[in-house]
Amino acid sequence: MDKRDSIKRRLNFISGEDFYFLTYELLLLVDILTAANGMFRDHRKLSYLVQLAGDEKVVRILERYEDRTISNAEDREQLFVTFANGELNKREIFKLVFALERRGFLRVERAATPEVVDVQLNRSVLPADFLTNEVFGADRARISRIKKAVPRLSTLTMETFLQKVYESRGVNVWAL
212 MDKRDSIKRR
222 LNFISGEDFY
232 FLTYELLLLV
242 DILTAANGMF
252 RDHRKLSYLV
262 QLAGDEKVVR
272 ILERYEDRTI
282 SNAEDREQLF
292 VTFANGELNK
302 REIFKLVFAL
312 ERRGFLRVER
322 AATPEVVDVQ
332 LNRSVLPADF
342 LTNEVFGADR
352 ARISRIKKAV
362 PRLSTLTMET
372 FLQKVYESRG
382 VNVWAL
């Protein structure tokens, strides 16, 4: 096992609850899904996107069922699990967004909807190779594939996001 695999294995041990992992995923998502100086509209989507980007099988499901209902019950269940976990992690992502803003890594702007913020990455504060580190090459590739399967992710409303990612594929969701 090489050094990169060792590092990633440690990070993936509890990746859903590891704030270092969540931080890196969140920064990668905002970087890849927005234009150079663009805003990522509605931080709540990040909670679901972290779940989607962390699972290769789910990304393949999104690609395979791009414009149709998922016929395989197991695939539909896996996609639903990302929704449920996204709901559970909303508070952590919210806290993380504001922690990163306090440290200067993100710029946060209040949206028209109460308790919703838009997020922008402050690239000038990050180390030069931070977002291109090869340890997370697979994560960047998955995020790019999600971006291709569901275009305009950074500008979609929450309702449209849920419809395009989950409901259009036959997954029943609720918005809290």
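Take the position in the sequence shown, starting the count at 1, then add 211; the result is the number in the working numbering. Glycine residues also receive a C-beta, built at the ideal position from the N, C-alpha and C atoms.
Query: Among the residues of its own chain, which have a CB less than 6 Å from the CB of GLN262, if the five just before and after it don't count?; Result: THR293, ASN296 and GLY297
Query: Straight-line CA distance for THR371 to ILE357?; Result: 15 Å
Query: Is ARG279 helix, strand or coil by DSSP?; Result: coil
Query: Among LEU244, GLN289 and ALA310, which residue has its Cα nearest to the Cα of LEU367?; Result: LEU244
Query: DSSP three-state call for LEU260: helix, strand or coil?; Result: helix
Query: Just to confirm, are ILE304 and LEU239 a CB contact at a threshold of 9 Å?; Result: no
Query: Got a sec, what are the start and stop residues for the beta strand (DSSP E) LEU317 sits in?; Result: 317 to 321
Query: For VAL327 and VAL319, which I take to be in contact (beta-carbon distance under 8 Å), what is that distance rounded to the nearest angstrom?; Result: That pair is no contact at about 11 Å.
Query: When the Cα atoms are used, what is the spatial distance from LEU373 to ASP286?; Result: 17 Å
Query: May I ask you to report which of helix, strand or coil DSSP gives LEU307?; Result: helix
Query: To which residues does DSSP link GLN289 through a beta bridge?; Result: Answer is none; GLN289 lacks a bridge partner.
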